[in-house]
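This report concerns only the one structure given below.
Protein chains: 2
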Amino acid sequence: MDVYVSGIGMTPFGNHPDKSLKKLLIDACTEAIHDANQPKIDAVVVGNFMGGSIYNQEILGAIAANDLGLGPVPTLKVEGACASGGIALRQAVIGILSGEYETVLVAGVEKMKHVSTSEVTSAINAAMDNESNEKHAGLTFPGFFGVLANRYFHETGATKEHLAMVALKNREHAMQNPLAQFTKPTSLDEILNAKMITDPLGLFDCSPTSDGAAAVIISKKPSDIRIAASTQASGVTQMQLTDDLLSLEAVKKSGELAYEKAGLSPEDIDVVEIHDCFSMTEIISSEELGFFKKGEGYLAVEQGRTKSSGDVPINTSGGLLSRGHPIGATGIAQIYQIVSQLQGNAANQVDDAKVGLAQNLGGTGSYSVVHILERIG
Amino acid sequence: MDVYVSGIGMTPFGNHPDKSLKKLLIDACTEAIHDANQPKIDAVVVGNFMGGSIYNQEILGAIAANDLGLGPVPTLKVEGACASGGIALRQAVIGILSGEYETVLVAGVEKMKHVSTSEVTSAINAAMDNESNEKHAGLTFPGFFGVLANRYFHETGATKEHLAMVALKNREHAMQNPLAQFTKPTSLDEILNAKMITDPLGLFDCSPTSDGAAAVIISKKPSDIRIAASTQASGVTQMQLTDDLLSLEAVKKSGELAYEKAGLSPEDIDVVEIHDCFSMTEIISSEELGFFKKGEGYLAVEQGRTKSSGDVPINTSGGLLSRGHPIGATGIAQIYQIVSQLQGNAANQVDDAKVGLAQNLGGTGSYSVVHILERIG
């Protein structure tokens, strides 16, 4: 595809008591615009999930266009649960492919830290189907992925230690990332002994609530970073609708479409960002994306293959688990990390990274978006 | 553009105590799919504004794909305040122009009647900028458009009677529309003497809260109805940012772009749906879209030119004022009416209507979307 990355921007992820949703959004956009050398922008797409429900703030598209002084360009917000950021980027790519736009600003933003836990949990549960008995029976997202983890243990022989190894790896990556939410050293013991959230997932196995924003400018004008594929697929909106708990069909499908579109295979990918909303999710999705055989992703973790020094470096940013997970921003933050890797200036830089893949998940596997980026300079 | 309408569907607008947000959405989609003769659908775009904030229900894109059995196709929700429906359609058009999709299902839905007035008012105010002093000083949307009305009176010599004539016309149109929310006859006197909402706008000058959904299927495959233009522009997010209260810049710009794209002028349009969130808005936007000179729209109303029997028939559906305004659905309901007109089977059918225009507004003029459709069969 003739779509290229012109610039990136990102706020630190974590706790921003003094910055509003809008301020975070504008900060990330301003940095991306500066990084892209002040291009003429033809449209703005914003990914956000809970601005309306917890901050009574919608119209983020128009706010960005107005506050950045971009003129009367078309703008919108898109939502697809935790995949809102990735979907926003895909909509921008489609806008360029359509010929309607030459250059598009895409941003993702969320502010989650300054409302009560029950408010934020309720807002997150809007990513489940209200009419499902599961939601009313008390299923939550940690519950859903906890069930998957227990099933995975049962099928494969993996244990809680493997989940802890994912959490530890991502924390160790985050320690090198100045934009990450959690940079304090930890240990396998601390992770294994942490507060249980939902059996078998402990505190470190679950991504946090976060404030933050990220932005990317894409264009038809060539740059060193080309978007080789932008694909999306849907999956089930209820746990009971899946044929196989260990299969995230949307992840598999969006990955297959992306490899086909890019003319690449998993072996060609040098660096990966996977949507590790829970440690378990990273392992299952690493299998669905074809990096490891079904049921063997945990062995790759055990062997250190998914560390930044391994042959399949996953979540060199620290991932959702330790870089943080401001919902609407996550999909764009993944792109920020992949672009940084391809430019050779990333946290946990992978030697000579030329091709990167980012995968962003929403709901109970309801949405998955995959982008493959390649350095062509 | 090689984009055509294959099918339309719409629930009655009004009060649906027994139907959930999801049920309304699925009902409209099912009707459109049936009308289009069960095509293979490649993507789903849903317009919705307050499902998250008042019903704790997001992921409407994935819910539609799942419940309609469409398979793993890409889906998303889009938001742009009251223009969410029009923006959803434009995103679908862009998806087809990009070559990513052949056929796309677009739906708009809102359910507003079964929460308290304060809850729904608060949710609507998410379409203002939280950081504006206007919002905190108590400005509401009726307040904003009331200020515009007083200014319009001051500049032009128009009076409350002209607003009442718009409300009466749209009610008379709605009386012929079996899908409209308000079909009870009324009179100029009743309208003029109704409860004041915000000076000078009375109850009948303000669009109601509504439940409802509408859907349209568009495709690259030719049909009798072609989309000749799909355009969007942004405007101010705060009243104080405008240079001229009587200018809705986004409406003007989106209209100009649409005429240019379609190679048409206002004189070529046979039937029009304008976003009459308030009676005043219809008059100003009819000027911004070039149907009448600036400051003369009220005279056209007085002369009956905007009735279905006039030379510029506006809101033959009954408009937002009387057909109803379930926010996310409105932009698609406008398309439903225009398509019905071009097919010759509309409520208040305009003789031999060949070209129709729909204009959908969001926020304080923050978003405007225009679609021009033409019958080519």
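Residue numbers (this note's numbering), protein chains in the order written: chain A, 583 to 959; chain B, 583 to 959.
Note that the Cβ used here is the ideal one computed from N, Cα and C, for glycine as well.
Please read these numbers as outputs of a predicted model, since none were measured by experiment.
- With a beta-carbon spacing of about 14 Å, Q814/A and V627/A fall beyond the 8 Å limit used to define contacts.
- In this chain, H857/A is not harboured by any alpha helix (DSSP H), its DSSP state being neither H nor E.
- Excluding five sequence positions before and after G728/A, the CB atoms of its chain that fall closer than 7 Å to its own CB belong to T780, D781, P782 and L783, given in chain order.
- Cβ neighbours of Q923/B within its own chain (closer than 7 Å, five residues either side excluded): V853, T898, Q931, V932, A935 and G938.
- G945/A and A665/A have their C-alpha atoms spaced approximately 8 Å apart.
- Among the residues facing chain B, K604/A is included, as its CB has a counterpart in that chain under 8 Å away.
- Excluding sequence positions up to five before and after T703/A, its CB lies within less than 8 Å of the CB of T722, all in the same chain and listed in chain order.
- Neighbourhood of A647/B in chain A, by CB distance below 7 Å: S816, in chain order.
- Among the bridge pairs identified by DSSP, Q814/B is matched with V951/B.
- DSSP places G690/B in no alpha helix (DSSP H) but in the uninterrupted beta strand (DSSP E) bounded by T685 to K693.
- The closest CA to that of G633/A, considering only L830/B, M862/B, M757/B and D711/B, is found on D711/B.
- The beta carbon of A776/B is closer than 6 Å to those of G784, L785 and F786 in its chain, skipping five residues each way along the sequence.
- Residue pairing from DSSP places T657/B in a beta bridge opposite V626/B.
- DSSP places M632/B outside both helix and strand once states are collapsed to three, so it counts as coil.
- Not a single CB atom of chain A sits nearer than 8 Å to the CB of T824/B.
- Per the coordinates, the alpha-carbon of Q925/B lies some 50 Å from the alpha-carbon of E613/A.
- Residue environment for N759/B: buried (at least 16 other C-beta atoms within 10 angstroms of its C-beta).
- In the structure shown, R808/B adopts extended strand secondary structure according to DSSP, grouped into three states.
- Listed in chain order, the non-local C-beta contacts of E701/B below 8 Å within the same chain comprise I636, local neighbours out to five positions each way being set aside.
- DSSP, reduced to helix, strand and coil, places G784/A within a strand of the structure shown.
- When DSSP assignments are scanned along the region 837 to 911 of chain A, the uninterrupted stretches of alpha helix (DSSP H) that are 4 or more residues long and fall wholly within it turn out to be 861 to 870, 879 to 884 and 901 to 904.
- Of all alpha-carbon atoms in K889/A, L881/A, K742/A and S948/A, the one lying nearest the alpha-carbon of Q822/A is that of S948/A.
- Within the region 679 to 712 of chain B, the residues whose Cβ lies closer than 7 Å to some Cβ of chain A are L679, S680, G681, E682, S704, N707, A708, A709, D711 and N712, listed in chain order.
- Residues of chain A whose Cβ lies closer than 7 Å to the Cβ of T819/B are, in chain order, I641, A644, I645 and N648.
- Following the DSSP letters along the chain, one finds I645/A inside the alpha helix (DSSP H) bounded by residues L642 to D649.
- With a cutoff of 8 Å on beta-carbon distance, S829/B and L903/B are scored as not near each other.
- In the same chain as A746/B, and ignoring 5 residues on each side of it, the C-beta atoms closer than 6 Å to its own belong to L770, I773 and L774, in chain order.
- By the rule that beta-carbons nearer than 8 Å mark a contact, N638/A touches chain B.
- The region 831 to 838 of chain A and the region 584 to 592 of chain B do not touch, with fewer than three beta-carbon pairs separated by less than 8 Å.
- In this structure, I920/A sits away from M583/A, with a CB-CB distance that is not shorter than 8 Å.
- At a cut-off of 8 Å between C-beta atoms, M632/B counts as an interface residue with respect to chain A.
- The three-state secondary structure of S829/B, taken from DSSP, is coil.
- Residue contact with chain A for V587/B: absent (no Cβ-Cβ distance below 8 Å to any residue of chain A).
- In this structure, G910/A keeps its C-beta atom at 8 Å or more from the C-beta atom of D858/A.
- Put simply, the CB of L671/B is far from chain A, with every gap to its CB atoms at 8 Å or more.
- For A705/A, the uninterrupted alpha helix (DSSP H) run begins and ends at T699 to I706, by DSSP.
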